[in-house]
Amino acid sequence: KQPLYQLLGGAVRKQIPFTDYFSLRGDGPKVKGEKTPEAVADYCVELHERHGTTFFEGKFSTQDPKVSLKMVELIRYKLGDDAMIRIDSNQAYSLATARQLARPLEELGVRNWEDPVATIEEMRELRRHTSIPFSTHNIDIARAVDLKVPDAFVGNPTAHGGIGRMLRFVGACEHAGIDYWCYSGDTGIGSACYLHLCSALGWIREPNQSLFRMWPTDVIEEGPFAPKNNVVPVPEGHGLGVTLSRDRLAACHRDFVENGPLNKYHDPEKPGTYRRLPLN
Numbered sequence: 545k546q547p548l549y550q551l552l553g554g555a556v557r558k559q560i561p562f563t564d565y566f567s568l569r570g571d572g573p574k575v576k577g578e579k580t581p582e583a584v585a586d587y588c589v590e591l592h593e594r595h596g597t598t599f600f601e602g603k604f605s606t607q608d609p610k611v612s613l614k615m616v617e618l619i620r621y622k623l624g625d626d627a628m629i630r631i632d633s634n635q636a637y638s639l640a641t642a643r644q645l646a647r648p649l650e651e652l653g654v655r656n657w658e659d660p661v662a663t664i665e666e667m668r669e670l671r672r673h674t675s676i677p678f679s680t681h682n683i684d685i686a687r688a689v690d691l692k693v694p695d696a697f698v699g700n701p702t703a704h705g706g707i708g709r710m711l712r713f714v715g716a717c718e719h720a721g722i723d724y725w726c727y728s729g730d731t732g733i734g735s736a737c738y739l740h741l742c743s744a745l746g747w748i749r750e751p752n753q754s755l756f757r758m759w760p761t762d763v764i765e766e767g768p769f770a771p772k773n774n775v776v777p778v779p780e781g782h783g784l785g786v787t788l789s790r791d792r793l794a795a796c797h798r799d800f801v802e803n804g805p806l807n808k809y810h811d812p813e814k815p816g817t818y819r820r821l822p823l824n
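Numbers given in my numbering equal positions in the sequence shown, counted from 1, plus 544.
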């Protein structure tokens with residue numbers, strides 16, 4: 545009986561780096577949301593003081609981009625130059641708007657800009673106006689090699705269709721010189737799987753995304769995971785190293801049956817509006 549990372553060739557690292565997530569968000573059943581740029585910046589300061597967070601990633605997709613820009617300005621001002629700040633625009637902006645945002649974001653030291661525009665072709669054009677690296681969830685490596693963008697793909701075993709397919713894809717990324725990291729929003733089972741993959745694969749060098757602190761529950765006894773000083777240790781038990789919670793799994797199943805799948809783009813202030821990518 546061995547941990548999965550050992551079966552994949554052994555651990556390159558056992559402390560897996562993650563960003564903590566920030567976003568403008570409404571109130572939840574038990575947690576008060578951050579509705580202003582000032583509140584988001586204060587939340588990031590709290591993460592730094594309570595958990596040692598210096599790696600941050602967050603939504604930068606407001607209809608008025610000045611609101612999102614103000615948010616990043618305040619985070620940088622309050623946390624200083626040592627904080628890593630990555631942003632995700634969910635394809636929200638036109639090429640013209642993204643061009644206008646590029647210079648101030650570069651001056652703020654943004655580490656990476658995910659899906660700033662709706663297409664890879666627009667991303668290629670935007671590359672002419674900024675040196676900020678780009679990433680995307682659209683995992684088409686042939687087009688990336690041809691168009692020279694993005695600089696990184698963001699995926700996970702589910703997106704690729706399993707562990708073996710992800711191993712091959714990350715290997716192709718390494719050959720092409722394209723970075724790779726994992727996105728968050730999985731159950732503890734899925735998260736444990738990519739913790740092991742990130743432990744074994746040396747090419748996954750940048751911090752993964754993390755929504756762990758926004759999870760109200762999980763289907764494993766050990767979850768939700770939570771970064772401390774920017775890292776989560778890879779589970780050391782055999783296999784994935786986590787224990788399925790039958791009670792929590794049953795509760796999640798009941799919620800799915802009664803309420804249907806979660807819509808991550810649902811805005812409770814606009815109950816009759818259906819949103820999808822690109823967010824424009």
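The beta carbon of each residue, even a glycine, is placed where N, CA and C say it ideally should be.
{"query": "Starting from Trp657, follow its DSSP beta bridges and name the residues at the other end.", "result": "Ile631, Phe678"}
{"query": "On the CB-based measure, 16 or more other CB atoms within 10 Å of its CB, does Thr492 come out buried or exposed?", "result": "Since the displayed the chain opens at 545 and closes at 824, residue 492 lies outside it and no answer follows."}
{"query": "Exposed or buried, Gly602, counting other C-beta atoms within 10 Å across all chains shown (16 or more means buried)?", "result": "buried"}
{"query": "Can you tell me whether Pro609 is helix, strand or coil according to DSSP?", "result": "helix"}
{"query": "Pull up the distance between the alpha-carbon of Val661 and that of Ser633, whole angstroms please.", "result": "8 Å"}
{"query": "For the stretch 634-644 against the stretch 604-614, do three or more pairs of beta-carbon atoms, one drawn from each stretch, fall closer than 8 Å, so that the two count as touching?", "result": "yes"}
{"query": "Which residue's Cα is closest to the Cα of Leu739: Asp626, Pro701, Pro805?", "result": "Pro701"}
{"query": "Alpha carbon to alpha carbon, what distance is there between Pro581 and Leu591?", "result": "15 Å"}
{"query": "Would a C-beta distance cut-off of 8 Å place Phe562 and Val786 closer than the cut-off?", "result": "no"}
{"query": "Count the C-beta pairs between the stretch 787-797 and the stretch 762-770 that are closer than 8 Å, then say yes if the count reaches three, no if not.", "result": "yes"}
{"query": "Taking buried to mean at least 16 other C-beta atoms within 10 Å of its own C-beta, is Gln546 buried or exposed?", "result": "exposed"}
{"query": "What do you reckon, are the CB atoms on Phe599 and Pro694 nearer than 8 Å?", "result": "no"}
{"query": "By Cβ distance, which residues of its chain are closer than 6 Å to Leu745, with the 5 residues on each side in sequence left out?", "result": "Val714"}
{"query": "Determine the closest residue to Ala770 out of Ile631, Val801, Arg569, His595, with distance taken between C-alpha atoms.", "result": "His595"}
{"query": "Cα separation between Ala585 and Arg569?", "result": "13 Å"}
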